[in-house]
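In the order they appear, the protein sequences are chains A and B.
Its first residue numbered 129, the first sequence is counted upward by one per residue in the working numbering.
Its first residue numbered 395, the second sequence is counted upward by one per residue in the working numbering.
Beta carbons are placed, not taken as given, at the ideal position from N, Cα and C, and that holds for glycine.
Keep in mind that this is a model prediction, so the values were computed, not measured.
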Amino acid sequence: MLDLRVPSGLFFALLGVILLGMGIIAPDMRAALTDANVNLYCGAAMTVFGAFLLVMAWRAGRSHS
Amino acid sequence: MKLAPVDYFILFLYFAFVLGIGWRLRKKISTSGDFLLSGHGVPVWITSLAFIAANLGAQELIGMSASGAKYGIMTAHFYWIGAIPAILFMGLFMMPFYYGSKARSVPEYLKMRFDEKTRTFNACTFAVMTVFSSGISMYALGLLLQLVLGWDFSTSVLCSAAIVLAYTFLGGLTSAIYNEVLQFLLIVAGFAPLALMSVVKAGGWAGIQSRVEPVMTHAWKYMGSASENPMGAGLFSMVAGLGFVLSFGYWCTNFLVVQRAMAAESMSAARRTPLIGALPKMFLPFVVILPGIAALALSKMSLGYDLPMKDGGYDYNQVLTTLMAKFYPAGMLGVGLTGLMASFMSGMAGNVTAFNTVWTYDIYQTHIRRGAPDAHYLKVGRLTTIVGVVLSIGAAYYARRYSNIMDLLQLVFGVVNAPLFATFVLGMFWKRATANGAFVGLITGTSAAVATLCLTVAEGKGGWFGHVYSFSSAMAQNFWIAIVAWTTCFVVTIAISMLGRPRPDREMEGLVYGLTKVPHDATAKWYQRPAPLAVLVVVLLILLNIWFA
């Protein structure tokens, strides 16, 4: 059975890396009503979340085999 | 709102993952049970999140932020009193019968407890309802994308429907449930930052309170009389209509959500599914309603944000997307938009998979072709997926053409669920209830609901057969219709049951309270047992309500 944490973790890690990249390459990009580098912070959070899911899945897979 | 290439890339990345999950799960399907019931093998954290996500459609997301701007924090009652108590009741008291009876669907439980006619009535109304709900949701999404991004209505409706069809056709219910979890996570990831930023910009909760009228930031304080609060619903109709009849009718008997819990791997997991789901559900108002209230505050701050307008009035349905455009740069904007698409897909897939199971088992296998080999029902299940999606698309175009009729249909669906909870509560907890009692009760309850709808007027709607009473708002009317329908069904079921002969006890083992062994897993850890989980949920719920009273 597919461990859902693997595709979800991969998805959020990829999403996070894309947003982090945007936040670093274009740090001045701002939406009208905010002064924060939204992509940088959201990207960091998503990368961490994605990595967390992947680590959980990896640990579960190791204890099974 | 303009999208950058990166936004489109994120959207396509999401589509690829959704389809990929469906593709990976296709090999798991070898029987109709795998396809339509997930073979009772889904882990409990997945069923719990899917339980909440199947209910979190695009309409919910758009509608809740709209209601936040229109009615304020009182909207949270749709979650706090309008969902959590019913969810707890379902997990603690009703799941033992659903799961323990080994019924494959909610209508099938009715067949086991009562008889064929009650089941068929419920299966048919449910099938029609799911098709129209997913159609209406599709219409709402198509309309919004057309308005905000200038996308063609047909293209966005057909493309998103095709993706939902592809992954549910490949992996059946399991694929729908797995994707619902990904969709739920994405909705939170896409909209929680928006809630945070809009509230911070509006000066935090204190800043919002100082800028909007006090009635918008208190959930209970102005509930005393219907005229004082923006919803126009008083305490009794709110608690009895929404908190009791409508929410218990929906969360305890609607197969769309019950199906997710029934897919769990054990009785204990099935009972814990709604209870664990209740935890994120309770905090969803902060993600979906709070941005609406913040938008109202922001519009009074001369920052260059105004509430969206249409035809001289506020167009609250655009609150969410206008906020996204003001707070998200390219990149995060793509995530938010993908979250919106995800919510639409989770709602639609939920409807399609529930429609599938009910059509295949409760209508086709019962009335059209009995006793065929299982492979035949698997094929029918797969074909039904296509039919369900095509019917939904038809309903979406129908909604586009006759948008007024849709208001009516939605009102009618509201009343179909209402009497059902009376039938279930009597069926599960009163062994004296008979098949004829249940059937007559359900029919009269539903008729009473329709009659109330047709004899009363609210906001210029209703009153097709006459004008007996006027409600202060459509919401109050909806609550009262539910109360009338439930009471009628409850009283009539009891009366007719008392006239008939009781069914022998031995035929109802596992179906009724008192004749069913509810397992006690006293050896499990506290978080693996239903009762302590329920206590935790209740404590948190009370704290939230005191905080925002």
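Buried/exposed call for residue i, threshold 16 Cβ in 10 Å
i                 : result
Lys-421 (chain B) : exposed
Gly-788 (chain B) : exposed
Leu-431 (chain B) : buried
His-471 (chain B) : buried
Arg-665 (chain B) : buried
Met-129 (chain A) : exposed
Phe-954 (chain B) : This structure cannot settle anything about residue 954 (chain B), because the visible part of chain B is limited to 395 through 943.
Lys-911 (chain B) : exposed
Ala-410 (chain B) : exposed
Arg-364 (chain B) : Only positions 395 to 943 of chain B appear in the structure, and residue 364 (chain B) is not among them; the question remains open.
Val-784 (chain B) : exposed
Glu-903 (chain B) : exposed
Thr-549 (chain B) : exposed
Phe-526 (chain B) : buried
Asp-756 (chain B) : buried
Leu-564 (chain B) : buried
Val-119 (chain A) : With chain A running from 129 to 193 in the structure shown, residue 119 (chain A) is simply not present.
Val-645 (chain B) : Residue identity differs from the one stated: residue 645 (chain B) is Trp in this sequence, not Val. By the neighbour-count rule (16 or more Cβ atoms within 10 Å), Trp-645 (chain B) is buried.
Phe-139 (chain A) : buried
Pro-924 (chain B) : buried
Cys-848 (chain B) : exposed
Met-703 (chain B) : exposed
Thr-917 (chain B) : exposed
Val-436 (chain B) : buried
Trp-937 (chain B) : In the sequence under discussion, the amino acid at residue 937 (chain B) is Leu, which differs from the Trp named in the question. When all chains shown are included, Leu-937 (chain B) counts as exposed.
Gly-529 (chain B) : buried
Ile-478 (chain B) : buried
Ala-657 (chain B) : buried
Leu-195 (chain A) : Because chain A spans 129 through 193 in this model, residue 195 (chain A) falls outside it and cannot be assessed.
Leu-909 (chain B) : exposed
For residue j and residue i, believed in contact at Cβ under 8 Å, the rounded distance
i                 : j                 : result
Ala-724 (chain B) : Asp-401 (chain B) : 6 Å
Val-713 (chain B) : Ala-689 (chain B) : 5 Å
Ser-499 (chain B) : Thr-751 (chain B) : 5 Å
Ala-928 (chain B) : Leu-669 (chain B) : 6 Å
Arg-507 (chain B) : Leu-905 (chain B) : 5 Å
Phe-738 (chain B) : Gly-451 (chain B) : 6 Å
Thr-647 (chain B) : Leu-814 (chain B) : 5 Å
Thr-838 (chain B) : Thr-882 (chain B) : 6 Å
Val-639 (chain B) : Trp-880 (chain B) : 4 Å
Ala-596 (chain B) : Arg-605 (chain B) : 7 Å
Phe-873 (chain B) : Ser-631 (chain B) : 4 Å
Ile-581 (chain B) : Leu-455 (chain B) : 7 Å
Thr-850 (chain B) : Ser-864 (chain B) : 7 Å
Ala-827 (chain B) : Thr-887 (chain B) : 6 Å
Asn-165 (chain A) : Met-726 (chain B) : Rounded, the Cβ-Cβ distance is 10 Å, inconsistent with contact.
Val-551 (chain B) : Met-523 (chain B) : Wrong, their Cβ atoms sit about 20 Å apart, outside the cutoff.
Thr-667 (chain B) : Gly-485 (chain B) : 7 Å
Start and end residues, beta strand (DSSP E) containing residue i
i                 : result
Thr-850 (chain B) : 850-852
Run of the alpha helix (DSSP H) containing residue i, from where it starts to where it stops
i                 : result
Tyr-465 (chain B) : 452-465
Pro-399 (chain B) : 399-419
Met-174 (chain A) : 166-192
Leu-143 (chain A) : 133-153
Lys-825 (chain B) : That residue, Lys-825 (chain B), is in no alpha helix (DSSP H); it is neither H nor E in DSSP.
Lys-773 (chain B) : 768-795
Trp-439 (chain B) : 438-447
Pro-624 (chain B) : No alpha helix (DSSP H) holds Pro-624 (chain B); DSSP gives it neither H nor E.
Gly-598 (chain B) : 598-605
Ser-426 (chain B) : 426-431
Tyr-944 (chain B) : Nothing about residue 944 (chain B) can be reported from this structure: the residues present for chain B run from 395 to 943 only.
Ala-480 (chain B) : 478-483
Restricting to runs no shorter than 4 residues, where is the alpha helix (DSSP H) found entirely within the region 647-703 of chain B?
649-656, 661-677, 679-682 and 684-692
For the region 487-549 of chain B, which segments carrying the alpha helix (DSSP H) assignment without a break, of at least 4 residues, lie completely within its bounds, in sequence order?
Secondary structure in the region 487-549 of chain B: the alpha helix (DSSP H) runs of 4 residues or longer, each lying completely within the stretch, are 489-494, 500-507 and 510-543 in chain order.
Which residues, taken in chain order from the region 577-607 of chain B, show a beta carbon closer than 7 Å to some beta carbon of chain A?
Leu-579, Ala-583, Pro-587, Met-591 and Lys-595
For the region 154-168 of chain A, which residues have a beta carbon sitting closer than 9 Å to at least one beta carbon of chain B?
Ala-154, Met-157, Arg-158, Ala-159, Ala-160, Leu-161, Thr-162, Ala-164, Asn-165, Val-166 and Asn-167
Please give the ranges of any beta strand (DSSP E) in the region 857-924 of chain B, keeping only runs that are unbroken, at least 3 residues long and fully inside the region.
If only complete runs of 3 or more residues are kept, the region 857-924 of chain B shows the beta strand (DSSP E) at 863-865, in order along the chain.
Contacting positions in the region 853-868 of chain B - beta carbon closer than 9 Å to chain A
none
Mind listing which residues of the region 495-525 of chain B have their C-beta closer than 9 Å to chain A's C-betas, in chain order?
none
What residues in the region 175-188 of chain A bring their beta carbon closer than 7 Å to a beta carbon of chain B?
none
Near-chain A residues of the region 409-422 of chain B (beta-carbon distance less than 8 Å), N- to C-terminal order:
Result list: Phe-411, Gly-414, Ile-415, Arg-418, Leu-419 and Lys-422.
Under 8 Å (Cβ pairs) to chain A, residues found in the region 694-720 of chain B
Leu-697, Gly-698, Tyr-699, Ala-719 and Lys-720
Taking only runs of the alpha helix (DSSP H) that begin and end inside the region 711-775 of chain B, which ones reach a length of at least 4 residues, in chain order?
713-721 and 726-751
Check each residue of the region 139-151 of chain A: if its Cβ is closer than 8 Å to any Cβ of chain B, include it; give the result in chain order.
Phe-139, Phe-140, Leu-142, Leu-143, Ile-146, Leu-147, Met-150 and Gly-151
Using a Cβ-Cβ cutoff of 8 Å, what residues of the region 552-575 of chain B are near chain A? List them in chain order.
Those residues of the region 552-575 of chain B that come within reach of chain A (Cβ to Cβ, closer than 8 Å) are Tyr-572 and Val-575.
Members of the region 436-449 of chain B that neighbour chain A once the beta carbon cut-off is set at 7 Å
Ile-440
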